[in-house]
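Trainee:
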Amino acid sequence: MDSTLHKRIDRAAYISMTAYIVLSILKITISYIANSNALRADGLNNLTDIGATVAIIIGLKISRKPRDADHPYGHSKMEQISSLVASFIMVAVGIQVLYGAISHVFDSKTVAPDPLSAWIAVGSAFVMFGVYKYVMGIAKSVHNKALEAAAKDNISDAYVSVGTAVGIIGAQFGFPWIDPLAAVIIGIIIIKTAWEIFSEATHMLTDGFHPEKIEEYKETVDAIEGVDHIVDIQGRMYGNAIHLDVTVEVAGELDVYKSHDIADAIQDELKEKHNIPCTHVHIEPLKEERQPQN
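All letters in the sequence shown, in the order written, are residues 1 to 294 by full-length UniProt numbering.
1) By alpha-carbon positions, which one of Glu288, Glu196 and Ile138 ends up nearest to Thr4?
2) Whose C-alpha, out of Gly170, His203, Tyr132 and Ile191, is nearest the C-alpha of Tyr20?
3) Among Phe173, Met204, Val160 and Ile169, which one has its Cα closest to the Cα of Ile185?
4) Whole alpha helix (DSSP H) runs in the region 102-160 with 4 or more residues, listed along the chain?
5) Could you tell me the alpha carbon to alpha carbon distance between Gly74 and Lys192, rounded to whole angstroms?
6) Exposed or buried, which one is Ser83 when buried takes at least 16 other CB atoms within 10 Å?
7) Using the Cα positions of Leu147 and Gln291, report the straight-line distance between them to the nearest angstrom.
8) Take the Cβ of Asn275 as the centre, count every other Cβ of all protein chains shown within 10 Å, and call the residue buried at 16 or more, exposed below.
9) Nearest by alpha-carbon distance to Val250: which of His260, Val93 and His243 is it?
10) Tell me the rounded alpha-carbon separation between Asp232 and Cys278.
11) Comparing alpha-carbon positions, which option in Phe175, His243 and Ala52 lies nearest Ser87?
12) Kindly indicate which three-state DSSP category Val227 falls into: helix, strand or coil?
13) Three or more C-beta pairs closer than 8 Å, one from the region 115-128 and one from the region 28-42: is that the case here?
14) Going by CA-CA distance only, name the one from Pro113, Ile189 and Ser16 that's closest to Phe173.
15) Using only CA atoms, which one of Asp255, Ala241 and Lys258 lies nearest to Lys271?
16) Closest by CA to Met78, which one among Ala69, Ala92, Val91 and Ser63?
17) Going by CA-CA distance only, name the one from Glu225, Leu23 and Val135 that's closest to Ile9.
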């Protein structure tokens with residue numbers, strides 16, 4: 001990936017982080033002025049998003065470092081490690097939001113927040129939707145999964161702000177407990193999002209891979225001339241890049257050059273059709289029981 005694409009990715013991440021910084025300061029400040037637990041929880045949610053975005057930026061920069069003696073496969077897995085750190089931060093903040101919100105739900109002295117807080121939440125939703133459109137557009141164009149995850153977080157935050165506004169507006173109609181209840185829901189959403197990030201990161205770090213993708217790759221390899229049987233295909237992720245180990249059987253009488261051509265064809269087809277940059281191919285002679293009978 002060239003420096004121009006790296007700059008586009010970094011710009012999108014920094015725009016997302018800037019939006020979170022501005023909105024978190026605005027929401028938390030107004031939440032105390034307007035006495036809104038839901039808006040405060042929304043602002044704390046944005047604080048966790050700052051940490052998550054910083055983790056993504058750091059992970060992206062480290063993952064671009066070239067291979068060295070200690071890291072022959074590169075540094076791409078730093079993206080997932082950074083995601084783990086972000087998920088831990090989000091869980092801590094989510095628990096804090098839940099604790100504070102639940103205590104206010106059962107507080108008989110809870111009063112309805114100022115309507116100003118609802119307008120702040122609505123404006124925030126529009127801002128985050130715009131950020132989502134921009135970041136997701138770049139993520140899709142450069143096929144960057146880390147940035148795509150950041151974009152999904154953006155749209156999730158837009159929906160959270162909509163929920164915040166609904167809770168605040170509901171409190172204006174004589175139900176002040178709706179505002180802290182909305183904060184409870186936001187706390188649950190924060191923890192749920194953290195769990196999803198944690199699960200995906202650990203799945204990739206432990207070399208987990210989706211079986212349905214393997215089936216797609218098998219169809220591609222099976223169609224290549226000279227491949228008589230697919231013994232095994234295994235996949236794993238290094239950052240955003242897929243690495244495959246492919247074992248196939250070919251006619252035993254083929255020479256080394258022809259076998260090497262088949263291996264090259266497998267690598268080229270997988271790269272062209274599935275954007276897989278690294279495929280290790282192991283060639284074996286076709287086993288006797290699978291050879292055509294005379």
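Even glycine gets a Cβ: it sits at the ideal position worked out from N, Cα and C.
Mentor: Put simply:
1) Ranking Glu288, Glu196 and Ile138 by Cα distance to Thr4 puts Ile138 first.
2) Ranking Gly170, His203, Tyr132 and Ile191 by Cα distance to Tyr20 puts Tyr132 first.
3) Out of Phe173, Met204, Val160 and Ile169, Val160 has the C-alpha closest to the C-alpha of Ile185.
4) Within the region 102-160, the complete alpha helix (DSSP H) runs of at least 4 residues are 116-142.
5) Computed Cα separation, rounded: 31 Å.
6) So Ser83 ends up on the buried side.
7) C-alpha separation (whole angstroms): 48 Å.
8) With fewer than 16 Cβ atoms within 10 Å of its Cβ, Asn275 is classed as exposed.
9) Measuring C-alpha to C-alpha distances from Val250 to each of His260, Val93 and His243 identifies His260 as the nearest.
10) The straight-line gap separating the alpha-carbon atoms of Asp232 and Cys278 is approximately 16 Å.
11) If you compare the alpha carbons of Phe175, His243 and Ala52 with that of Ser87, the shortest gap goes to Ala52.
12) Coil, per DSSP.
13) Yes, since at least three Cβ pairs between the region 115-128 and the region 28-42 fall closer than 8 Å, the two stretches touch.
14) Out of Pro113, Ile189 and Ser16, Pro113 has the C-alpha closest to the C-alpha of Phe173.
15) Closest in alpha carbon position to Lys271, among Asp255, Ala241 and Lys258, is Ala241.
16) Of Ala69, Ala92, Val91 and Ser63, the residue nearest in Cα terms is Ser63.
17) Per the Cα distances, Val135.
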